[in-house]
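Below is one structure; the comments refer to it alone.
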Amino acid sequence: MPINIKNLLPAHSNFRKAMLRPDLGAITGVVLVFLFFFLVARDTGMFSLEGSMNWGIVSSQFIIIAVGACLLMIAGEFDLSVGSMIGFAGIVIAVTSVVWGWPVWLSIITAFVLSMLVGALIGYIVVKTNLPSFIVSLAFLYILRGMTIFGAIYSTQKTIIGGVTEISQGDWLAPFFGGKIFTGLFQWLAEHGWIQTFVAGTKAGQPVVSGIPMMMVWALALIIFGHFLLTRTRFGNWIYASGGDAQAARHIGVPVNKVKILMFVFTAFCATVFATAQVMEFGSAAADRGLLKEFEAIISVVIGGALLTGGYGSVIGAALGAIIFGVVQQGLFFIGVESSLFRVFLGVILLLAVILNTHIRKLITGEK
Amino acid sequence: MSTSPMMELLDIKKNFGSVNALKGVSMTINKGECHCLLGDNGAGKSTLIKIMSGVHQPTDGQIHIDGKSTIVKGPRYAIDAGIATVYQDLALIPLMSVSRNFWLGRELTKKIGPINVLDFEQCNSILMSEMKKMGIQLRDPNQSVGTLSGGERQSVAIARAVFFGAKILILDEPTSALGVYQTSNVLQTIEKVRAKGVAIVFISHNVSHALSVGDKFTVLCRGETLGTARRGEIDYDELQFMMSGNKKLSELQKDG
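For the record, the sequence lines run as chains A and B.
So that you can map any letter, position 14 of the first sequence is -6 in the numbering used here, and since no number is skipped, the others follow by simple counting.
So that you can map any letter, position 222 of the second sequence is 224 in the numbering used here, and since no number is skipped, the others follow by simple counting.
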């Protein structure tokens, strides 16, 4: 027999109302995951500043693509081309800047414009043909990946293009993706001996963690933007409605097609943020980057309590789902568990989360 | 006060390819009147509603609104002209809250700095008072529509249409999927709306529901009207008889 929350909580108590949120499953998951790793991995340095940065950055990467996937899923659509879009955007930046010699800021802007145009095209095809976005974006998963590999090989005879770090020195836009903030603060903390510093080598005396990477800043900014847009604005109401019942929404005058296309564009934007930050971090772009990222984004969103068929979900939930993802992946590494077991763990979490979320959702929405 | 009817359909015909869905339908809809449109499945009721609400254009015939010949170009045009349609299953979105549903597409906002944000307080308080006026007991404006009964959903959808200025309210089978108790609640809501002077087109294939609220009855059969009768001029058996396509009930019973 499944756990029956209904019996645990009196029907209309305020406590029940506060507890019954779409992201309750993800909150529970985060608590359990942290509890687990705190018990078994406390001595490994996982929760030191440096260790936290490790899983924090990985979680942030998941968050960036999960926020886009979340809003799109609530609007009733999928985008399976996210991973290919990451590879595509990265190669666009590297080819235009390293090979063609464009200034890095122009390359970044070009990557954003091209990706978002592709996103708009996917959305346009979906709303005009009424085909499932699953199929349309699957087609673009192959089209984009193929074009990316072809473009990289055609222009450089390689699938990995390096040298971005050197040419992005002094660029005004690059630090928004590859830089760190609060570096002064961390330096100051190091000088006072409150955080760890390197003891030897060329960086001796400098803090091990020198600032908050922009990847984290983007993740936080996208969570705030996505959550605000969804829950506090008219447009957010239209996102729910477009996914909840597109026909009913159209009858009442909601521009459903526009909402859906814009959400595809936003998903492409998020993928490009991910790609740009990664290119700046590694100093290179590779045509095979972003493999399987679309599924990781969708899994985070589903763990976060969103309904696969649309109309229901939470950006906070998706972000928590992404954190579960990041913490588990890096945590297993800290405790030295064979990394293939990560997938087993992931599958189990996904299943448990969906069972719990379905139950919670039925209590909230009265679905049969 | 103008004496012209709110809406008049004159010899409306609609062909889909070679299929004649409507073969010349005329009806008159007056202020504060509940006009029941009865017909069996496939009689052409849905087609007629879609023409009134601008989803389809008639192949032939005229629509007069407030005495003026009008072409209802599309659903948006119909809504602006005060013609609202409440569909049986498309009325509200079950996953969303009552408040979000009620205000969908016309959300109230307030400014926080340069940004327009939803004004939940105002949305919810207007919603609650409107619901109260209509006699609908709502526990919480934030409860999901999915937690409402079928009758409550219809009533909320009707209240919404009227609140946003519907002068002609087209109800597509509002009671056909409901139990006895819920049906009576919806019929009460319809009474209240009619008392406000709204013209109602009540589509149904249930004669007894129609008889309990209707002022006028038009029977549609295979794309043709079999005439319009006033309340008191016609009884249950006659309506049932007309709907079945002039086949006598006793014959129907013989058929099985």
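Every residue, glycine too, gets a C-beta built ideally from N, C-alpha and C.
Listed by position along chain A, the residues whose Cβ is nearer than 8 Å to that of B:L94 are A228.
The closest CA to that of B:T177, considering only B:I51, B:S6, B:Q90, B:T72, is found on B:Q90. With contacts defined as CB atoms closer than 7 Å, B:G56 and B:A23 fail to qualify as a contacting pair. A residue is called buried when at least 16 other Cβ atoms come within 10 angstroms of its Cβ; A:P112 does not meet this threshold and is exposed. A residue is called buried when at least 16 other Cβ atoms come within 10 angstroms of its Cβ; A:S61 meets this threshold and is buried.
The beta carbon of A:D225 sits closer than 7 Å to some beta carbon of chain B. Proximity of chain B to A:N110 at the Cβ level (cut-off 7 Å) is not reached, the minimal Cβ distance being about 17 Å.
As the crow flies, the alpha-carbon of B:V203 is around 6 Å from that of B:C36. Checking the DSSP bridge columns, you'll see B:G115 has no partner listed. Residue-level contact by beta carbon fails for B:T49 and chain A, as no gap is shorter than 7 Å. Shown here, B:G63 sits in a strand according to DSSP, grouped into three states. The beta carbon of B:A179 sits closer than 7 Å to the beta carbons of Q90, G152 from its chain, once the five residues preceding and following it are set aside; these are given in chain order. Just measuring C-alpha positions, the residue of A:G297, A:F246, A:F305, A:L271 sitting nearest A:I102 is A:F246. For B:I128, the uninterrupted alpha helix (DSSP H) run begins and ends at 122 to 135, by DSSP. DSSP places A:R230 inside the alpha helix (DSSP H), whose first and last residues are 226 to 231. For A:Q176 and A:S32, the gap between their C-alpha atoms comes out near 13 Å.
From the listed residues B:S28, B:P116, B:E175, B:P96, the smallest Cα separation to B:V147 is found for B:P96.
Collapsing the DSSP output to three states places A:P112 in coil. Secondary structure of B:V203 (DSSP, three-state): strand. Here the segment 229 to 237 of chain A does not lie against the segment 19 to 39 of chain A, with fewer than 3 beta-carbon pairs under 8 Å apart. With a threshold of 16 other beta carbon atoms within 10 Å, B:N187 meets it and is buried. B:M98 belongs to the set of residues whose beta carbon lies under 7 Å from a beta carbon in chain A. Under the Cβ criterion of 7 Å, A:G291 is counted among the residues facing chain B. When C-beta distances to chain B are compared with 9 Å, the residues of the segment 196 to 221 of chain A below that value are F208, T211, R212, T213, R214, G216, N217, W218, Y220, A221, in chain order. Residues of chain B whose Cβ lies closer than 9 Å to the Cβ of A:T345 are, in chain order, P96, L97, M98, S146, V147, G148, T149. At a cut-off of 7 Å between C-beta atoms, A:I232 counts as an interface residue with respect to chain B. DSSP places B:T149 in the helix class (H, G or I) of the three-state scheme. Under the Cβ distance rule, B:L120 counts among the residues neighbouring chain A, one pair being separated by less than 7 Å. A:S222 and A:A55 do touch by the CB rule: their CB atoms are close to 5 Å apart, below 8 Å. The segment 165 to 181 of chain A and the segment 13 to 26 of chain A do not touch, with fewer than three beta-carbon pairs separated by less than 8 Å.
At least 7 Å separates the CB of B:G152 from every CB of chain A. Between the alpha carbons of B:I138 and B:S210 lies a gap of roughly 23 Å. In the displayed model, A:A266 falls within a strand according to three-state DSSP.
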